[in-house]
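Positions 361 to 829 (this note's numbering) are the ones given, in order, by the sequence shown. For each residue, glycine too, the CB sits at the ideal point set by N, CA and C. One structure is given here, and the rest of the page talks about it.
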Amino acid sequence: MADEFPFEISPMFEGERIRKDGMYVELAGPKSKGFELVRAADINDIEDDKFTLIGPDLSDMEEGSRHPIAMIYKIAGELVETDLESIVERRNHEFQNYIQGLMHLNQRDDVWLRLGTDAVNKGLTSFEYIAKAIMMLFKNELPFIEKVEAIYITDIQEVEKELDSAKEVYKARDERTRNLHDEDVDTFYGCTLCASFAPTNVCVVTPDRISLCGAINWFDGRAAAKVDPEGPQFAIPKGELIDSESGEYSGVNEAAKRLSSGEYDRIKLHSFFEYPHTSCGCFEVVGFYIPEVDGIGWIDRDFAGTAPNGLQFSTMAGQTGGGKQVAGFLGVGINYFRSPKFIQSDGGWNRVVWMPKILKEKILNDIPEDIRDKIATEEETSDIESLKNFLSEKEHPIVVRWNEEEEENDVQETPSPQQQGYEAPQMMQMPSNFMPSIPMGSSGGSAGMKIILKNAKVSIEKIIIKKDE
Ligand code: SF4
């Protein structure tokens with residue numbers, strides 16, 4: 361069947377990157393508009409395998425140009441229900457990446473596609489090939505889909521018109537979990553769709569924690585596990601509650617061990633610093649610890665500027681992704697900001713000090729009222745110094761922590777490292793104030809002194825730990 365297409369289709373092309381110099385055309389992405397949407401429909405209203413294009417086709421597009429794109433699929437079948445829409449939609453990302461020469465990033469209205477020049481030279485000159493390949497994969501891989509139809513739009517006016525309705529659909533899906541919480545259910549859901557590029561990633565979707573890609577909520581996970589229990593979305597029995605504050609459950613820990621092949625055996629669902637959820641690479645937002653203010657900043661994909669720490673989203677995303685638990689960084693879906701359990705074991709909103717203006721506006725009503733105007737954006741702060749001043753002026757709750765820490769440091773008689781039971785810091789046990797300190801006299805045990813580095817930038821290439829002879 362794949363022979364009908366002027367390209368190869370295989371999971372081995374997942375992860376293929378199309379750079380600017382090898383790109384024929386860019387579709388949607390941060391400098392244009394677009395979205396992907398799957399809708400469940402009545403079986404009688406669908407003409408199976410039909411493709412409609414509204415706007416210019418690939419053959420009408422100039423090399424090196426950029427265009428908007430909307431990809432709408434209608435699906436039908438006896439088992440198809442609205443809850444399955446997100447699951448199928450997420451597979452558009454996966455299946456488009458199976459196509460040699462096509463790169464698909466992100467999800468929903470954040471999609472970003474690039475088509476390689478080589479692919480066009482080999483004959484990929486129409487969107488119809490792509491849509492037909494995806495429809496074929498949908499039906500082959502998701503047997504509950506009996507009929508499917510695709511509508512691609514590349515005309516900007518039409519894309520904008522449809523984008524508003526797509527956003528309404530996304531919003532309605534996200535709203536569904538508002539009144540359901542982790543303690544109300546016995547089962548969470550796991551997803552392994554990103555395992556191909558982040559093999560140790562353990563995605564756990566709960567009522568209070570949407571997936572990091574933002575595309576799959578608890579209802580979606582449940583619907584997918586019901587129709588295809590052996591598929592990439594599956595049930596994770598919660599097991600025993602170990603700690604309600606951080607959201608640690610024995611069932612999640614068991615799943616973490618199994619899915620990460622033993623790399624991780626603990627996940628605290630609502631923790632930022634200690635045993636946090638792993639981050640694959642599809643996250644909508646990256647959280648980053650700012651040690652100078654002991655607070656947490658958040659940066660999203662759409663923000664092209666730099667955070668107060670001088671880094672951009674892409675740099676921090678590179679640091680965060682790969683399916684690891686990374687101390688000081690955490691990938692989340694935007695809807696997690698709306699969770700009443702949002703990083704609750706690390707202070708929740710009282711720990712949040714910075715986020716881009718557009719992201720803040722998007723979730724403004726979900727930020728507790730008393731902290732809303734105390735969270736800085738790029739408009740008020742450009743670096744750590746201006747961030748500190750802003751937080752002090754606004755009397756952000758984090759300032760109380762600074763004062764407490766200072767008092768502690770002033771009055772504390774510093775014991776020797778051995779008296780403190782000093783251990784080399786471990787990745788997942790970052791102290792909450794993360795003030796680097798250097799214990800002195802570790803071999804003699806008599807120095808009783810430590811140096812605290814404040815506002816220091818420390819770069820370490822290699823740490824060698826040797827046993828004292
Ligand atoms: S981020 Fe998680 S939930 Fe989303 S597709 Fe990847 S593995 Fe699945």
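Exercise. Return the Cβ separation of Gln467 and Arg451 in integer angstroms, given the expectation that the two are a contact with Cβ distance under 8 Å.
Key: Here residue 467 is taken as the residue at index 107 of the sequence shown, counted from 1. Here residue 451 is taken as the residue at index 91 of the sequence shown, counted from 1. With 8 Å as the limit, Gln467 and Arg451 do not qualify as a contact, their Cβ atoms being about 11 Å apart.
Quiz prompt | Residue range of the unbroken alpha helix (DSSP H) whose run includes Thr680 | solution = Along the sequence shown, read from residue 1 onward, the residue named residue 680 stands at position 320. Phe673 to Thr680 is the span of the alpha helix (DSSP H), which, as asked, contains Thr680.
Exercise. Rounded to whole angstroms, what's the CA-CA distance from Leu475 to Asp662? Just pull it up for me.
Key: Here residue 475 refers to the residue found at position 115 when the sequence shown is read from its first residue. Here residue 662 refers to the residue found at position 302 when the sequence shown is read from its first residue. Roughly 21 Å separates the two Cα atoms.
Quiz item: So who's on the other strand from Trp714, going by DSSP bridges?
Solution: Looking up residue 714 in the sequence shown gives position 354. Note: Trp714 sits in a beta bridge opposite Gly657 and Ala736.
Self-check item: Paired residues, beta bridge with Val565 - DSSP
Solution: On the sequence shown, residue 565 is found 205 positions in, with the first residue counted as 1. Answer is Tyr549.
Quiz item: Cα separation between Pro416 and Gly382?
Solution: On the sequence shown, position 56 is the one that residue 416 refers to. On the sequence shown, position 22 is the one that residue 382 refers to. Taking the straight line from one Cα to the other gives about 21 Å.
Practice problem: Give a yes or no on whether the C-beta atoms belonging to Ala430 and Val519 are separated by under 8 Å. | Solution: Along the sequence shown, read from residue 1 onward, the residue named residue 430 stands at position 70. Along the sequence shown, read from residue 1 onward, the residue named residue 519 stands at position 159. Yes; because the gap between Cβ atoms is below 8 Å, this pair is in contact.
Self-check item: Status (buried if at least 16 other CB within 10 Å, exposed otherwise) for Lys734
Solution: The sequence position of residue 734 within the sequence shown is 374, counting from 1. Its Cβ being crowded by 16 or more others within 10 Å, Lys734 is buried.
Quiz prompt | Selected residue, minimal CA-CA separation from Thr412, among Val529, Phe689, Ser604 and Ile513 | solution = Here residue 412 is taken as the residue at index 52 of the sequence shown, counted from 1. Closest by alpha carbon: Ile513.
Exercise. Locate the beta strand (DSSP E) running through Glu396, then write down its first and last residues.
Key: Taking the first residue of the sequence shown as position 1, residue 396 is located at position 36. Note, Glu396: beta strand (DSSP E), Gly394 to Ala400.
Quiz item: Quick one: is the Cβ of Ser621 within less than 7 Å of any heavy atom of ligand 1?
Solution: Here residue 621 is taken as the residue at index 261 of the sequence shown, counted from 1. No, the beta carbon of Ser621 sits no closer than 7 Å to any heavy atom of ligand 1.
Self-check item: Distance between Leu553 and Ile798 (C-alpha atoms, nearest Å)
Solution: The residue given as residue 798 occupies position 438 in the sequence shown. The residue given as residue 553 occupies position 193 in the sequence shown. With a pLDDT of 37 at Ile798, under the threshold of 50, the modelled position of that residue is not reliable, and the figure given next carries that caveat. Ile798 and Leu553: Cα-Cα distance of roughly 42 Å.
Practice problem: Out of Pro366, Ser621, Phe632 and Pro728, point me to the one whose CA is closest to Glu488's CA. | Solution: Here the question's residue 488 lines up with position 128 in the sequence shown. It is Pro366 whose Cα lies nearest to the Cα of Glu488.
Quiz item: Could you give the residue range of the alpha helix (DSSP H) that holds Thr412?
Solution: Looking up residue 412 in the sequence shown gives position 52. Run containing Thr412: none in the alpha helix (DSSP H); it sits in the beta strand (DSSP E), Phe411 to Ile414.
Quiz item: If you draw a straight line from the alpha carbon of Ile459 to that of Asp588, how long is it in whole angstroms?
Solution: Start at 1 with the first residue of the sequence shown, and residue 459 comes out as number 99. Start at 1 with the first residue of the sequence shown, and residue 588 comes out as number 228. Going from the Cα of Ile459 to the Cα of Asp588 covers about 24 Å.
Self-check item: Rounded separation between Glu644 and Gly657 - CA only
Solution: Taking the first residue of the sequence shown as 1, we reach residue 644 at position 284. Taking the first residue of the sequence shown as 1, we reach residue 657 at position 297. If I take the Cα positions, the gap works out to 14 Å.
Quiz item: How long is the line joining the alpha carbons of Glu773 and Glu767, rounded to whole angstroms?
Solution: Taking the first residue of the sequence shown as 1, we reach residue 773 at position 413. Taking the first residue of the sequence shown as 1, we reach residue 767 at position 407. For Glu773, the predicted structure reports a pLDDT of 47, less than 50, and the residue's modelled location is therefore unreliable. The matter cannot be settled from this model.
Exercise. Check whether the Cβ atoms of Lys754 and Thr737 sit closer than 8 Å, and answer yes or no.
Key: One-based indexing of the sequence shown puts residue 754 at position 394. One-based indexing of the sequence shown puts residue 737 at position 377. Against a cut-off of 8 Å, the Cβ pair of Thr737 and Lys754 comes out as no contact.
Quiz item: Is the stretch 548-562 in contact with the stretch 582-601, if contact means three or more CB pairs nearer than 8 Å?
Solution: yes
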